[in-house]
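Enquirer: Supplied in structure tokens, the structure appears directly below.
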Amino acid sequence: MSRVGLSVPPGFTVDTETCADFHANGGALPEGAWEEMVAGLAHVEAALGKTLGDAENPLLVSVRSGAAVSMPGMMDTVLNLGLNDSVVEGLARRAGGRFAFDSYRRFLDMYGNVVMGIDHGKFEHALETLKRDVGVDSDEGLSEQNLRDLVEIYKGVYASENVSFPQDPLEQLRLATYAVFDSWNSDRAKKYMAINKITGLRGTAVNIQAMVFGNMGETSGTGVLFTRNPSTGENKLYGEYLVNAQGEDVVAGIRTPSDISTMKDALPAAYEQLVKNTELLELHFKDMQDIEFTVEDGQLFMLQCRSGKRTGAGAVKMAVDFVKEGLVTKEEAVQMVEPTHVDQLLHPQFKDEGAYKADVIGAGLPASPGAAVGQIVFSTEDAEAAKAEGRKVILVRVETSPEDVGGMDAAEGILTARGGMTSHAAVVARGWGKTCVSGCGELSIDEHARTFTLGGVTLHENDWLSLNGTTGEIIRGRADLMPPTVSEDLGTFMSWVDEFRDMKVLTNADTPEDAAAARANGAEGIGLVRTEHMFFGSGERIRTVRRMIMAKDTPSREAALDALLPFQRDDFKGIFHAMSGLPVTIRLLDPPLHEFLPDGELDDVVQLLSEDTGETEEDIVERIEKLVEVNPMLGFRGCRLAITYPEIARMQVRAILEAACEAKAEGASPIPDIMVPLVGTVAELEDQVALIRQTADVVFGERGDSVEYRVGTMIEIPRAALLSNEIAKHAEFFSFGTNDLTQMTFGYSRDDVGKFLPTYLEKGVLKHDPFQVIDVDGVGQLVQMSVERGRSTRPDLKVGICGEHGGEPISVEFFAKSGLDYVSCSPFRVPIARLAAAQAAIRAKKV
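Under my numbering, the letters of the sequence shown match residues 2 to 848, in that order.
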């Protein structure tokens, strides 16, 4: 702002390298740093003709943080530094006693809290008590004598805490600098950086700047504004200001501020200059600015500006408007919008998040974004029944399993006590665009009583509940919702995104409805159809699957599979129609068989199976017990199941290719890719490829027609990644299943990682949750190695990723750099991945 000619109080910066050295030195400034700071202070003193600590002509300064990435409110600031018992009297003689002692009490409060660690509430309590005793409602009503008394009371707070307020201004400056550096490691700053995936920074700078005063009477004031509306993107100043106040009064809500538009009447000359400055700053920075300013006795001073935080709707509108105004190019506009902004636009949102804050009873993990409101139910059956009645419900479970998909589908949102960001509930919810809050450890569910308790509140079945899947908040009652809308601006913006994108974006979808939704969101095919999810589509289907599992011999198993074949074929045909002309990758059966059996009470299922198979209930129970595995994720599943029971794989391949032939006959253009899961040896893949080719020959012979198809595998076992050059001899494509690849590479169970992962993230053992953000150093190395080795054998090998990382922006950029042809993600994350891929391509061009 100084360089472009705006009125900025003089100051100097202690850089982030000094912060890093300060922490490396155990909380001491590096050699020579203090001397440089004193020299910088002398520059400010010379510029203003004032001296720090001089009672006759005092300089006061602010000490502010300044990280390379904007983190508003996360680190500390100290204002009015330089005041002491003698300087305040000198300031009173020059500028008035009320102003001087108002500034001094503010300084004692802020310094005591930020630097000395005194609870701010102690100062606040003293202030409120004094206001009540003298009979005033606001700070402005306090007289000079009241403020002199308050200063003495505040000194008493220091004494009660056994800390000493330093009268030496240079000592004040040194300790305040230390405090701002220390705030870099505060819990709130670390949490903010973790949430926003901010890594690699060295620390915060400290900006030491001459104070200007907005609390010098009716011709002074202070405010905060955005150059455009951060919620809607409207090209209109958006902000607030206060007359006769300092900055923290606005930010902390100590007084009710006025709308920035009314400043043109209260402080007209300063307002006119402010408007010109906002226009100049937008033109200079080519972005919406968040500005802090102060007016001292009619003169405007610009204190700070940064690119302003904004909603998804605001971000997209601003990007489009900036291009229309000639402020930025389309390429620059694409880089202005964050993938999370697009995410916000694709899910229902609360109309006013501030309105429900009093009703928040707890929080869990923000597993799937958006907003959901419904009546509480505790079982899948109740959720499905409620949907049939036209009621909206929230499914509350300790954790979910594939058995719950019907209830999850019926519910507006899902709340679980256990499970992480890649738990069953989270993965399925994101795939469907369902709001989900998972892993709320404080949630106590009493299924017998049909109640749950959280935050000291007990809610009953059919009570209303609201979930904010973006923040993880759990809200008692019915919060007001607004549906997502795809604006014209978003359509325009996404068309620009696709101009710059090199990597394709596919979707993970299991039904024709999911496929159609994904295609509407811009998906260029399906990277993963999970055939096991189809088995839960109806009661008849799951009953047939269980009959197949319980079969004593191959003929009875094949009979059950014959009954399943039409269901699978019809589902596949619907998907081929929805994705006509685009590739559809179908994974053969992957999970262990026990997942198709219910948890807990088996009596009803055993009775049904006994009726279906003619076996005794005792034999059924014995067979179920034999399916139990100590570690099923590493057990009898994937290609191991298909090699042991080849009739299962044959049925699925037949269903896929018969569906493709029928879809072709009906005018569609099916492009099936058949994927073999959990391959760890070359021989496993050879076995399955032979079975698929043989089955295809039979089907095409019977039909008198054929379709082009490819056979590939999911790389999800580290051994497969290492042997990619050999595996590529038999696979026409690779798809990385990064959920399992991460699990097996780290040796972490993704279902149990929540027990220690928060500690790991807090202590910096891990920078990110590896099940959310790809582990570049370990798992990523396997991915890159596998791509390189696979293509050394088969140069035209198609390579993609279908794990949860396929829709995560940091991971998408890594996959783009690694040469993958596509990423595949849930339907509602397709636009996010499209934007992330475009931004990755733009950044790659600049390297």
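Heads up, the beta-carbon is just placed ideally off N, CA and C, and yes, glycines get one too.
1. Let's test the definition: count the other Cβ atoms within 10 Å of the Cβ of Lys730 and tell me whether it reaches 16, buried, or not, exposed.
2. Quick one: give me the first and last residue of the beta strand (DSSP E) that Ala359 is part of.
3. Going by the beta-carbon positions, is the gap between Leu82 and Leu174 smaller than 8 angstroms?
4. For Glu90, tell me which candidate among Lys277, Val800, Glu57 has the shortest Cα-Cα distance.
5. Please list the terminal residues of the continuous beta strand (DSSP E) segment that includes Asn208.
6. Where does Gly215 land, buried or exposed, given buried means 16+ other C-beta within 10 angstroms?
7. Taking DSSP as the reference, what is the three-state secondary structure of Ile802?
8. Just the C-alpha distance for Arg756 and Ser670, rounded to the nearest angstrom, thanks.
9. Residues in its own chain within less than 8 angstroms of Gly713 by CB, not counting five upstream and five downstream?
10. Throw me the rounded Cβ distance for the Ala521 and Ala510 pair, which I believe falls under 8 angstroms.
11. Going by DSSP, what residues sit across from Thr200 in a beta bridge?
12. Assuming Ser787 and Ser725 form a contact by the criterion Cβ under 8 angstroms, report the distance between their Cβ atoms to the nearest whole angstrom.
13. Kindly list the residues whose CB is nearer than 6 angstroms to the CB of Ser87, restricted to its own chain and excluding five residues on each side of it in sequence; keep chain order.
14. Going by DSSP in three states, Met676 sits in which element: helix, strand or coil?
15. From the DSSP output, in three-state form, read off Lys756 for me.
16. Smallest Cα separation from Leu238: which of Ile292, His24, Met194?
17. Tell me the rounded alpha-carbon separation between Val813 and Phe747.
18. Pairing CB atoms from the region 495-502 with CB atoms from the region 552-561, are three or more of them under 8 angstroms?
19. What residues in its chain sit with their C-beta under 6 angstroms from that of Arg479, if we drop five residues either side in the sequence?
20. Enumerate, from N- to C-terminal direction, the unbroken beta strand (DSSP E) stretches of 3 or more residues contained entirely within the region 695-760.
21. So Leu590 packs on Glu533, CB below 8 angstroms; how close in whole Å?
22. Once you ignore the five residues that flank Ala411 on each side, which residues in its own chain have a CB closer than 6 angstroms to its CB?
23. For Gly254, which of helix, strand or coil comes out of DSSP?
24. Return the bridge partner residues of Gly240 from the DSSP annotation.
25. Out of curiosity, what's the CA-to-CA distance linking Gly313 and Ile543?
26. Whole angstroms is fine: what's the gap from Ala691's alpha carbon to Pro647's?
27. Give me, in chain order, the residues of the same chain whose beta-carbon lies closer than 8 angstroms to that of Tyr159; leave out the 5 immediate sequence neighbours on both sides.
28. Using the C-alpha atoms, what's the distance from Gln168 back to Asn147?
29. At which residue ranges does the region 247-315 contain complete beta strand (DSSP E) runs of 3 or more residues, listed in the order of the chain?
30. Which residues in the same chain as Arg720 place their Cβ atom closer than 8 angstroms to its Cβ, once the five residues preceding and following it in sequence are excluded?
31. Go through the region 380-419 residue by residue and report every complete run of the alpha helix (DSSP H) that reaches 4 residues or more, in order.
32. Going along the chain, which unbroken runs of the alpha helix (DSSP H) with 4 or more residues stay wholly within the region 319-343?
33. Tell me which residues share the same chain as Gln345 and place their Cβ nearer than 6 angstroms to its Cβ, disregarding the 5 neighbours each side in the sequence.
34. Kindly identify the DSSP beta-bridge partner or partners of Pro59.
35. For the alpha helix (DSSP H) containing Ser1, list its first residue and its last residue.
36. Leaving out five residues on either side along the sequence, give the residues of the same chain with a beta carbon under 6 angstroms from the beta carbon of Gly575.
Expert: Checking against the coordinates, here is how it stands:
1. exposed
2. Per DSSP, Ala359 belongs to no beta strand (DSSP E) and is neither H nor E.
3. yes
4. Glu57
5. 205-211
6. buried
7. strand
8. The question names Arg, yet the displayed sequence has Lys at residue 756. Going by the C-alpha atoms only, they are around 48 angstroms apart.
9. Thr586, Asp674, Ile675, Met676, Val677, Ala732, Glu733, Phe734, Phe735, Ser736, Lys799
10. Not really, about 12 angstroms apart at Cβ, beyond 8 angstroms.
11. Answer is none; Thr200 lacks a bridge partner.
12. 4 angstroms
13. Ala56
14. strand
15. helix
16. Ile292
17. 20 angstroms
18. no
19. Val374, Trp465
20. 711-716, 734-737
21. 6 angstroms
22. Ala384, Glu385, Lys388
23. Since pLDDT at Gly254 reaches only 47, below the 50 mark, its modelled position is unreliable, and no value is offered.
24. Leu226
25. 41 angstroms
26. 11 angstroms
27. Leu109, Gly113, Met117, Ile119, Ser165, Phe166
28. 22 angstroms
29. 290-297, 300-308
30. Gly681, Thr682
31. 381-389, 406-411
32. 331-337
33. Gly313
34. Thr52
35. Since the first and last residues shown for the chain are 2 and 848, residue 1 lies out of range.
36. Pro513
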